[in-house]
Each structure stands twice: as C-alpha cells, then as structure tokens.
Amino acid sequence: QLQLQESGPGLVKPSETLSLTCTVSGGSISSSAYSWGWIRQPPGKGLEWIVNMYYDASTHYNPSLQSRVTISVDTSKNQFSLKVRSVTAADTAEYYCARLARTVDPYFDYWGQGILVTVSS
Amino acid sequence: QSVLTQPPSVSGAPGQRVTISCTGSTSNIGAGYDVHWYQHLPGTAPKLLTFGNNNRPSGVPDRFSGSKSGTSASLAITGLQAEDEADYYCQSYDNNLNGSVFGTGTKVTVL
Chain E
721 QLQLQESGPG LVKPSETLSL TCTVSGGSIS SSAYSWGWIR QPPGKGLEWI VNMYYDASTH
781 YNPSLQSRVT ISVDTSKNQF SLKVRSVTAA DTAEYYCARL ARTVDPYFDY WGQGILVTVS
841 S
Chain U
19 QSVLTQPPSV SGAPGQRVTI SCTGSTSNIG AGYDVHWYQH LPGTAPKLLT FGNNNRPSGV
79 PDRFSGSKSG TSASLAITGL QAEDEADYYC QSYDNNLNGS VFGTGTKVTV L
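First to last, the protein sequences are chains E and U.
The working numbering numbers the first residue of the first sequence as 721 and each following residue consecutively.
The working numbering numbers the first residue of the second sequence as 19 and each following residue consecutively.
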C-alpha cells in the first residue's frame, strides 16, 4: 500500500522560506507511471493546487505562486520537497503531498495526511 | 481564486439522494478535461471518490457517481449515510493555468 508522509517545521517566520518534504513508502518515486504534487488548504478555505512534477522532471506551477515556489525530488531517499520563499500569513495552511495517477489530465489518487504550517513571528 | 464553482453546502436526510454541482468554463471542463471528485474529512487526507468523470477506485461504494455535461459536472450520492458528512471537492485541468484546479468545495450535512 502506497503511503505518503509530509514533514517539516510547523512554524515559519514571515519573509523566511517554508520547506517541506514528502516521504513515499510502498512504491518507487522514480516510476515513470506516476507523478507527484503539492496542494494546500488555508484555514477555513478550500483546496488550492500548488505544483505538479511529472515523471520526466517537467513541472507545472500555480501561476499565483510560481515566483516563490520550487519543487524538487531526491530519488535516493524516495522523497520530494517543496520550498515556498518569502512567506506571509497568507501561506498559513495545511499542506498535502499527493501522487498523480497520470500525466495527461491528471488526478490525485494517494494523499498524505497533511501538515499544518503556521506563518507567524 | 478557484475557477470551478460549487455550492457551499447541501443537505439531506439519511437514505436520500443529493447532488453537488461543479461549474467550470471552456478552459477546463468545457475543453474536454475530465472531472474528478474527492471527499475530505477534517484532519484526514482527502480521498479520491471518482476519476475520469465516472470511474470509482476500488473500495468506493457505488452510491457515489459522477457525471459531466458541457462546462459542468455533478457528483450524486444516493442512499445518504451519516458517514457521508464531509467536504467534497471537484478537480479538473485548466489549459489557461496549465495546471490542476479544484472546486470551491461543498459541505454535505446529513440531517
């Protein structure tokens, strides 16, 4: 059974960089059959897509976040990561990592439990 | 910022049928992209309910069914149960954003 687990600091100061890691178990992150992504949910609001990274290393970023966000992968650790630079209180959210079941017209078939990140001084 | 619009809430009595609409545009649902639905309980991981408009992953009851027409889609829940009380989100792909998009979310209440 595939499992994803987010990890990282729960509190980040304004203007700093938010860094999260998603550890994948029960399957290889290198498989060409799947791709990976990040989604977030601010308190009291809906789901917001952040970024998709496809098996060929191409990426699609939410245009509203693209200038501040980077996704990367470490195949040796079966992990992928998210960095959000210059954070503000608006970046406070539950952050989820997920697997994309296909690259064309993708959907998310496995999700992590989520990690709450609060931006505050 | 969501480009897919859902009603904020729907409710129904146990055993009833409820539907949740998801309205998009010609750059996403209307462009022929599939619609997928998720169930989300607070504090848990969102769960894929349907994919590719009306396919269910293994383990999802056939009480949940999706459909799509034009620039809109719907999720129907028949035989409503107390355990169905949750938030529901539609999701598609948008060729203007060149990425995934989620609906605004609908809270289902079982009366």
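Beta carbons: idealized from backbone N, C-alpha and C, even for Gly.
Keep in mind the model is a prediction, meaning the values are calculated, not measured.
Should residue i be flagged as near chain U, meaning a C-beta pair shorter than 9 Å?
| i | result |
| --- | --- |
| N798 (chain E) | no |
| Y775 (chain E) | no |
| A821 (chain E) | yes |
| G747 (chain E) | no |
| G757 (chain E) | yes |
Check the Cβ of residue i against every Cβ in chain E and list those closer than 8 Å, keeping chain order.
| i | result |
| --- | --- |
| L115 (chain U) | N782, P783 |
| V119 (chain U) | W769 |
From the DSSP output, which residues share a beta bridge with residue i?
| i | result |
| --- | --- |
| R760 (chain E) | E:E768, E:Y815 |
| V732 (chain E) | E:V839 |
| V804 (chain E) | E:L738, E:V789 |
| V78 (chain U) | In DSSP, V78 (chain U) forms no bridge with anything. |
| Y111 (chain U) | U:S118 |
| K125 (chain U) | U:S27, U:D105 |
Chain E partners of residue i, CB-CB under 7 Å?
| i | result |
| --- | --- |
| Q109 (chain U) | Y827 |
What does residue i reach in chain U if we use C-beta pairs closer than 8 Å?
| i | result |
| --- | --- |
| A810 (chain E) | Within chain U, no residue comes near A810 (chain E); the closest Cβ sits about 11 Å away, beyond 8 Å. |
| Y816 (chain E) | A63, P64 |
List, in chain order, every chain U residue whose beta-carbon is nearer than 9 Å to that of residue i.
| i | result |
| --- | --- |
| A753 (chain E) | The premise fails here: A753 (chain E) is roughly 15 Å from chain U at the closest Cβ pair, so nothing lies under 9 Å. |
| G766 (chain E) | S20, Q24, D105, Y107, F120, G121, T122, G123 |
Counting contacts by CB-CB distance shorter than 9 Å, is residue i in contact with chain E?
| i | result |
| --- | --- |
| G70 (chain U) | yes |
| T122 (chain U) | yes |
| P79 (chain U) | no |
| D102 (chain U) | no |
| S20 (chain U) | yes |
| P32 (chain U) | no |
Tell me whether residue i, by its Cβ, gets closer than 8 Å to a heavy atom of the ligand FMN.
| i | result |
| --- | --- |
| V824 (chain E) | Ligands in the displayed structure: none, and consequently the ligand FMN is not present. |
List the residues of chain U whose Cβ lies closer than 7 Å to the Cβ of residue i, in chain order.
| i | result |
| --- | --- |
| W831 (chain E) | A63, P64 |
| G834 (chain E) | A63 |
Run through DSSP, which three-state label would residue i get?
| i | result |
| --- | --- |
| G30 (chain U) | strand |
| D102 (chain U) | helix |
| G88 (chain U) | coil |
| A821 (chain E) | coil |
| I749 (chain E) | coil |
| G8 (chain U) | Within the shown structure, residues of chain U are numbered from 19 to 129, placing residue 8 (chain U) beyond reach of any answer. |
| A63 (chain U) | coil |
| A810 (chain E) | helix |
Compute the beta-carbon to beta-carbon distance between residue i and residue j, rounded to the nearest angstrom, for a pair I have assumed lies under 8 Å.
| i | j | result |
| --- | --- | --- |
| E101 (chain U) | T127 (chain U) | Not confirmed; about 13 Å, so no contact. |
| Q721 (chain E) | G746 (chain E) | 5 Å |
| L93 (chain U) | T41 (chain U) | 13 Å between Cβ atoms; not a contact. |
| Q24 (chain U) | G123 (chain U) | 6 Å |
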